[in-house]
Amino acid sequence: MALFAQVALDLPLKQSFTYTIDPEMAKKVEVGHRVVVPFGKREMTGYVIELLDAFSATYELKPIKRVIDASPLYGRQTIDLAAWMSRYYLCSLGEALSMMIPGGRRELGLPALEVEEDLSFARIEQLSDEQDAAVQTILRSEKPMYYLYGVTGSGKSEVFLRCAEAVIAQGKAVIYLVPEITLTHQLAQQVSSRFVNKVAILHSALTPSQRLKEWKRIIAGEVSLAIGARSAVFAPFENLGLIILDEEHENSYKSGNTPRYHARQVAQRRCQQEGATLVMGSATPSLEAYSLMQDGTQVGALHLTKRVAGGSMPAVEVVNLALEKSLVSAALKQGIKATLDKKKQVILFLNRRGFSYFFHCNSCGYELHCPHCSVALTYHKKSEQMVCHYCGYRTSPMRVCPECRSVDVTYSGFGTEMVEQEIRTLFPKARVERLDTDSAKEKGHVQKTLSEFRQGSIDILLGTQMVAKGLNFPKVELVGIVLADSGMNIPDFRSQERTFSLLVQVSGRAGRYNDQGKVIIQTFHPDNPAIQYALAGDVEGFYHEELVVRRDTAFPPYSRLINLVLRGRNQKKVEAETHKLEELLNAASAYIPAEVLTSGECPLEMIASNYRFHILVSAKDGSSAHHLVATALASYTPPSAVYLEVDIDPLQLL
Numbered sequence: 004m005a006l007f008a009q010v011a012l013d014l015p016l017k018q019s020f021t022y023t024i025d026p027e028m029a030k031k032v033e034v035g036h037r038v039v040v041p042f043g044k045r046e047m048t049g050y051v052i053e054l055l056d057a058f059s060a061t062y063e064l065k066p067i068k069r070v071i072d073a074s075p076l077y078g079r080q081t082i083d084l085a086a087w088m089s090r091y092y093l094c095s096l097g098e099a100l101s102m103m104i105p106g107g108r109r110e111l112g113l114p115a116l117e118v119e120e121d122l123s124f125a126r127i128e129q130l131s132d133e134q135d136a137a138v139q140t141i142l143r144s145e146k147p148m149y150y151l152y153g154v155t156g157s158g159k160s161e162v163f164l165r166c167a168e169a170v171i172a173q174g175k176a177v178i179y180l181v182p183e184i185t186l187t188h189q190l191a192q193q194v195s196s197r198f199v200n201k202v203a204i205l206h207s208a209l210t211p212s213q214r215l216k217e218w219k220r221i222i223a224g225e226v227s228l229a230i231g232a233r234s235a236v237f238a239p240f241e242n243l244g245l246i247i248l249d250e251e252h253e254n255s256y257k258s259g260n261t262p263r264y265h266a267r268q269v270a271q272r273r274c275q276q277e278g279a280t281l282v283m284g285s286a287t288p289s290l291e292a293y294s295l296m297q298d299g300t301q302v303g304a305l306h307l308t309k310r311v312a313g314g315s316m317p318a319v320e321v322v323n324l325a326l327e328k329s330l331v332s333a334a335l336k337q338g339i340k341a342t343l344d345k346k347k348q349v350i351l352f353l354n355r356r357g358f359s360y361f362f363h364c365n366s367c368g369y370e371l372h373c374p375h376c377s378v379a380l381t382y383h384k385k386s387e388q389m390v391c392h393y394c395g396y397r398t399s400p401m402r403v404c405p406e407c408r409s410v411d412v413t414y415s416g417f418g419t420e421m422v423e424q425e426i427r428t429l430f431p432k433a434r435v436e437r438l439d440t441d442s443a444k445e446k447g448h449v450q451k452t453l454s455e456f457r458q459g460s461i462d463i464l465l466g467t468q469m470v471a472k473g474l475n476f477p478k479v480e481l482v483g484i485v486l487a488d489s490g491m492n493i494p495d496f497r498s499q500e501r502t503f504s505l506l507v508q509v510s511g512r513a514g515r516y517n518d519q520g521k522v523i524i525q526t527f528h529p530d531n532p533a534i535q536y537a538l539a540g541d542v543e544g545f546y547h548e549e550l551v552v553r554r555d556t557a558f559p560p561y562s563r564l565i566n567l568v569l570r571g572r573n574q575k576k577v578e579a580e581t582h583k584l585e586e587l588l589n590a591a592s593a594y595i596p597a598e599v600l601t602s603g604e605c606p607l608e609m610i611a612s613n614y615r616f617h618i619l620v621s622a623k624d625g626s627s628a629h630h631l632v633a634t635a636l637a638s639y640t641p642p643s644a645v646y647l648e649v650d651i652d653p654l655q656l657l
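Be aware that the sequence shown starts at 4, since it is given in the working numbering, and climbs by one per residue.
Structure below.
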């Protein structure tokens with residue numbers, strides 16, 4: 004009977020802690036249980052990772068207060084994966100486990116899915132030759148990873164689902180990852196009819212109690228397929244056979260909190276550890292994935308070149324906004340009118356929510372920024388407030404300049420709210436709906452809107468990122484990109500890649516079932532290479548040019564980066580700590596082939612009243628960059644009130 008338990012805590016401390024187990028509690032405590040333990044003056048949730056019969060200490064050990072779970076939530080496999088994450092992402096074992104394990108205390112079931120009868124969800128009986136060849140190649144599993152590289156609408160989902168069916172028929176389990184919660188819902192409807200009562204759903208919009216219920220269904224063996232966004236990669240299957248990573252290029256697969264893991268890297272590790280196959284897919288692969296496909300040693304590239312529903316790729320037109328009087332150009336107006344006259348649907352895309360986002364005094368040049376962040380406030384007309392999209396700060400709109408008291412002030416720039424108002428004015432009879440982070444806060448709004456749009460009861464769907472990804476609407480003939488420039492001016496080496504992939508992905512929502520699809524791209528920079536390549540539909544051309552630029556500048560995939568961000572409320576203290584850590588890194592770089600590229604304020608210097616400084620480390624290979632940072636951090640601990648975030652392979656440097 005074990006008398007001691009080793010417990011990992013969600014703290015940035017590299018060690019675990021030992022607690023005693025009371026004799027009456029001994030039968031209740033197992034590896035895989037969450038427990039409540041005293042730590043300093045507070046109580047914390049801990050994760051039991053080891054039971055010991057004997058332990059000697061020079062100090063008095065504290066007892067476990069209580070056990071949270073009736074049965075274990077994780078096993079040795081999950082602990083091993085957390086230990087790998089701890090080493091790779093330079094975080095503690097407890098931080099990794101708390102990211103993986105649901106936080107709920109009681110189990111709560113999910114509402115039943117309404118499975119819609121819809122052509123776009125129906126199983127395709129006859130696969131195309133390309134699809135069939137892809138399925139056969141994946142199931143032979145001659146390589147550990149495959150990439151399904153196909154134009155939008157080429158039937159990637161059907162290939163994924165056929166592979167899932169075959170793997171489940173062999174008695175193994177499947178994890179299916181999608182980048183957005185909206186896609187989770189669409190996919191769950193699609194697969195529930197194929198794998199009746201065998202599907203678990205895991206994503207961040209579920210309550211902790213709902214996630215716990217789904218997690219326990221997986222442990223109990225009731226489920227063969229888990230669907231979800233990023234965190235579903237941790238689904239506790241014992242007999243994993245396949246992980247599917249749809250829309251691999253998406254940034255949302257990367258966690259924004261410690262540990263800053265990427266679901267693709269964790270999926271690769273799990274497949275390697277558990278003998279499963281990883282299948283990724285996208286019409287616009289990340290540049291890293293594209294270069295791996297070109298290399299061909301680790302990743303098998305599978306091409307889908309034709310749209311399976313018979314639709315041809317849409318015609319694309321670029322409009323120069325500098326020559327237009329309104330934010331909805333004459334060409335876009337005409338296109339919307341023609342589409343609505345044919346009783347077809349329109350998607351309008353703008354990657355900026357709110358009404359307008361730039362307050363400017365024409366007399367003295369004053370610009371209104373958030374007092375806690377280095378960003379302009381966005382005006383939201385519906386709530387009549389200026390809002391910071393980083394920290395949530397709100398204030399009333401200004402009519403007078405606070406610096407010089409001039410009333411000659413303007414709000415410029417435009418967001419989804421302003422575009423919605425303009426479209427409602429231009430097309431008063433059309434049924435218009437907006438889908439962005441603001442409208443998605445209303446419970447059930449996203450599912451209701453997408454369902455109504457699919458059924459044809461909404462004519463024009465206006466949205467941000469949410470409408471760009473993998474959604475399949477048979478009646479959409481026109482896609483309008485209201486402003487293609489919003490991501491171009493960001494000081495980030497990936498901005499061109501992001502702009503290009505977004506244009507191709509949004510364009511891919513048009514004309515999936517006929518030859519009438521049209522895309523209108525509005526921009527102030529019509530000659531930008533990302534726009535020109537998207538206009539020509541030349542994906543390969545864009546990748547080749549961008550790879551040349553990356554090679555010349557020694558950015559990924561020709562190098563590996565680690566971004567160290569220090570933040571705190573005392574600017575001088577954060578700056579001093581940045582210099583101290585930089586010196587440690589420079590000292591270690593004398594014998595490790597990696598270097599400090601830059602050190603100083605982050606492009607977004609302040610967020611939520613925290614001053615932010617960063618150090619960017621670069622090396623030709625990942626192990627050298629990792630070795631340098633791990634060596635420096637071994638002799639560095641940030642003082643209280645200064646926080647350090649380690650971002651391995653950062654996706655943005657803001």
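The beta carbon of each residue, even a glycine, is placed where N, CA and C say it ideally should be.
query: Which listed residue (247, 567, 190) has its alpha carbon closest to that of residue 163; result: 247
query: Residue from 95, 45, 56 whose Cα sits closest to the Cα of residue 18; result: 95
query: Of the listed residues 505, 556, 555, nearest to residue 537 (C-alpha basis); result: 505
query: Segment limits, alpha helix (DSSP H) that includes residue 166; result: 159-172
query: Neighbour flag for residue 407 against chain D, beta carbons, 9 angstroms; result: As a matter of chain content, chain D is missing from the structure shown, which is built from one protein chain.
query: Enclosing beta strand (DSSP E) for residue 270 [first to last residue]; result: Counting along the chain, residue 270 falls outside any beta strand (DSSP E), though it belongs to the alpha helix (DSSP H) covering 266-277.
query: Close Cβ partners of residue 628 (< 6 angstroms) along its chain, the five nearest in sequence each way excluded; result: 563, 565, 597, 620, 622
query: Identity of the residues DSSP links to residue 233 by a beta bridge; result: Note: residue 233 sits in no beta bridge, so no partner.
query: Coil, strand or helix - residue 497 by DSSP; result: coil
query: Under the three-state DSSP convention, the category residue 551 falls into; result: helix
query: Within the region 47-98, ranges of the alpha helix (DSSP H) (whole runs, at least 4 residues); result: 79-91
query: Distance CB(residue 382)-CB(residue 406) smaller than 9 angstroms; result: no
query: Distance between residue 615 and residue 586 (C-alpha atoms, nearest Å); result: 18 angstroms
query: Sequence ranges, alpha helix (DSSP H) only - wholly within the region 340-398, length at least 4; result: none
query: Same chain, Cβ closer than 7 angstroms to residue 321, five either side skipped, listed in chain order; result: 524, 526, 529, 534, 538
query: Residue 278 to residue 244 span [Cα, whole Å]; result: 7 angstroms
query: Cβ pair residue 520, residue 316 closer than 9 angstroms; result: yes
query: Local conformation of residue 26 per DSSP, three classes; result: helix
query: Close-in-space but distant-in-sequence residues of the same chain around residue 513 (CB under 8 angstroms, 5 per side omitted); result: 317, 350, 479, 480, 481, 482, 520, 521, 522
query: Neighbourhood of residue 222 by C-beta, 6 angstroms cutoff - its chain only, sequence neighbours within 5 removed; result: 239
query: Among 652, 21, 395, 204, nearest to residue 59 - alpha-carbon criterion; result: 21
query: Whole-angstrom C-beta distance between residue 64 and residue 23, which should lie under 8 angstroms; result: 5 angstroms
query: Within 9 angstroms, strictly: CB atoms of residue 495 and residue 655; result: yes
query: Cβ-Cβ distance between residue 107 and residue 212 below 9 angstroms; result: yes
query: Those residues which DSSP pairs with residue 246 across a bridge; result: 178, 281
query: Minimum length 3: unbroken beta strand (DSSP E) runs contained in the region 187-228; result: 202-205
query: Counted within 10 angstroms of its Cβ, other Cβ atoms place residue 594 as buried (16 or more) or exposed; result: exposed
query: Cβ shell of residue 41 (< 6 angstroms), same chain only, five flanking positions each side left out; result: 65
query: Per DSSP, the bridge partner or partners of residue 526; result: 323
query: Endpoints, alpha helix (DSSP H) assigned at residue 594; result: Per DSSP, residue 594 belongs to no alpha helix (DSSP H) and is neither H nor E.
query: Of the listed residues 448, 146, 435, nearest to residue 275 (C-alpha basis); result: 146
query: Backbone CA spacing between residue 584 and residue 639 [nearest angstrom]; result: 7 angstroms
query: The region 225-239 / the region 78-92 touching (three or more Cβ pairs under 8 angstroms); result: yes
query: Outcome for residue 256 when other beta-carbon atoms lying within 10 angstroms are tallied against a minimum of 16; result: buried
query: Buried versus exposed call for residue 475 [16 or more other C-beta atoms within 10 Å across all chains shown]; result: buried
query: CB contact flag (residue 580, residue 645, <9 angstroms); result: yes
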